[in-house]
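Structure first, commentary second.
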Amino acid sequence: MSRFQMLTRTQRETFSTDGYLVMRQLCAESVLEPVRQLISRYADVQIRKLLAAGHIDDLYADAPFAERWALAARDYKRDTERPPLSCNWGQSSLLDHAVYDLFTDPSLLNLVTDLIGPEITANGDFWVRPKIPNDPSTTFAYHQDSFYYGGAVWPELRVLSVWLPLVDADEQNGCLSFIPGSHHHGAIPYRDTDTGQREPIEPVTTYGQPRLEPVQVGDVIVFDHRTLHASGHNTTDTQVRWSIDLRYMPTGQSYAWHAQGDAFDTVYPGFVARSADPEQVWSWEDWHNRPRSD
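Following this line, the structure appears as structure tokens:
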């Protein structure tokens, strides 16, 4: 297969220099809306369970997508003794054709191809992030994704994160921010926090100046696993900042980069999303039916 080129020279230089790139209006609504519908169905199930358990008083069934989970969460949090609601929804809950279609969307795969080559595996650790208003547990400090990969940053490792907003994201509802160029520092020393997160030991300004990246639905942010990034606080009243993040790596690269090692592939198995040999590409049925551990 000939070398595919989607990005301009300037865009490639930006990714190389900054460690991330914002692509405006890359992803079509026709691919994003089924993901929102999937999330809405899952949220409905969770809300009905909370109501049945007596943890909330209403289904909020008439609330729009961006508000319903926020209203249920606010109701739930009236009892401060309850543990926080999950801020990470992943494969165990949302394995669905809609997610497969997003992973294999040609616009995303063309972008990934231009950065890591045409032999692409979609990693199984995708996550939907419901950033709830005024909930500190959904705010994430600056970190390299590799903090959660066992600190693995060996030179040949390639893991791309692709982050997509499902509602418009700005400073008010907690858009992402980055430290441009921080990926050039390699493995940045980190520590565990009291909230279960990981953060750099040194002030993030040691590695560069933060830059906010507000985005609209359809925009895509792709970044290197070594690039420091954070997710801000949602200061709105009733708007969940919904997003989904995907990960890709060159096919054949070991899962030893992850903290769980190669066993990770049995917990969150990935699939071949693009190849010069079409017979190597996995269908939705291939991925869905692959054995996985609980």
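Here the sequence shown is numbered in my numbering, starting from 1382 and rising by one per residue. Glycine included, every Cβ here is placed at the ideal spot set by N, Cα and C. What you are looking at is a predicted structure, and each value in this text was computed from that prediction instead of being measured.
Next item on the list: State the Cα-Cα distance for the pair glutamate 1394 and tryptophan 1544, rounded to the nearest angstrom.
Entry: The alpha-carbon atoms of glutamate 1394 and tryptophan 1544 are separated by roughly 20 Å.
Notebook entry, point to check: Counting along the chain, where does the beta strand (DSSP E) carrying valine 1480 start and finish?
Noted result: It is not in any beta strand (DSSP E) - valine 1480 instead sits in the alpha helix (DSSP H) that spans 1478 to 1484.
Notebook entry, point to check: Buried or exposed: where does methionine 1382 fall if 16 or more other Cβ atoms within 10 Å of its Cβ makes it buried?
Noted result: Legend: pLDDT at methionine 1382 = 38, less than 50; position of this residue unreliable, value from coordinates given subsequently. Result: exposed.
Checklist line | Three-way DSSP call (helix, strand, coil) for histidine 1639 in this model | finding: Histidine 1639 falls in the coil class under three-state DSSP.
Note to self: Per DSSP, what are the beta-bridge partners of tryptophan 1508 in this structure?
What the structure shows: Asp1626, per the DSSP bridge assignment.
Check: Exposed or buried, proline 1672, counting other C-beta atoms within 10 Å across all chains shown (16 or more means buried)?
Finding: By the neighbour-count rule (16 or more Cβ atoms within 10 Å), proline 1672 is not buried but exposed.
Note to self: Taking only three categories from DSSP, how would you classify glutamate 1414?
What the structure shows: In the structure shown, glutamate 1414 sits in a helix (DSSP, three-state: H, G or I).
Item checked: Own chain, CB closer than 7 Å to alanine 1444, minus 5 neighbours either side, in chain order -> Within the same chain, alanine 1444 has close Cβ partners Leu1452.
Check: So serine 1612 is in the beta strand (DSSP E); what residue range does that whole segment cover?
Finding: Looking at the DSSP string, the run of the beta strand (DSSP E) that includes serine 1612 is 1610 to 1612.
Margin query: Between the region 1582 to 1590 and the region 1559 to 1569, can you find at least three pairs of beta-carbon atoms closer than 8 Å?
Written below: With three or more CB-CB distances shorter than 8 Å, the region 1559 to 1569 counts as touching the region 1582 to 1590.
Item checked: First through last residue of the alpha helix (DSSP H) which encompasses valine 1493 -> Taken as a continuous stretch (DSSP letters only), the alpha helix (DSSP H) holding valine 1493 covers 1487 to 1497.
Notebook entry, point to check: Would you say threonine 1502 touches the ligand SAM, meaning its beta carbon is less than 6 Å from a heavy atom?
Noted result: Questions concerning the ligand SAM fall outside what the structure shown contains, since it holds no ligand whatsoever.
Check: How about leucine 1627 and phenylalanine 1507: do their beta carbons lie closer than 7 Å?
Finding: Contact: yes.
Check: In this structure, what does DSSP give as the bridge partners for threonine 1502?
Finding: Note: threonine 1502 sits in a beta bridge opposite Met1630 and Val1653.
Next item on the list: Give me whichever residues DSSP pairs with alanine 1604 in a beta bridge.
Entry: According to the sequence as given, residue 1604 is phenylalanine; it is not alanine. Phenylalanine 1604 pairs with Tyr1401 and Ser1542.
Check: Would DSSP call alanine 1522 helix, strand or coil?
Finding: Note: alanine 1522 maps to strand in three-state DSSP.
Checklist line | Extent of the continuous alpha helix (DSSP H) to which serine 1474 belongs | finding: Here the alpha helix (DSSP H) through serine 1474 covers 1472 to 1475.
Notebook entry, point to check: Smallest Cα separation from aspartate 1618: which of Asp1516, Pro1584, Gly1599 and Ile1625?
Noted result: Answer by Cα proximity: Asp1516.
Check: Beta carbon of methionine 1387, beta carbon of asparagine 1491: below 7 Å?
Finding: Against a cut-off of 7 Å, the Cβ pair of asparagine 1491 and methionine 1387 comes out as a contact.
Next item on the list: Could you please give the first and the last residue of the uninterrupted beta strand (DSSP E) stretch that includes glutamate 1594?
Entry: Here the beta strand (DSSP E) through glutamate 1594 covers 1592 to 1594.
Checklist line | Contact set for arginine 1572: own chain, Cβ-Cβ below 6 Å, skip 5 residues either direction | finding: Excluding positions up to five away in sequence, the list reads Ile1582.
Notebook entry, point to check: What's the call for arginine 1655, buried or exposed, on a 16-neighbour Cβ count within 10 Å?
Noted result: So arginine 1655 ends up on the buried side.
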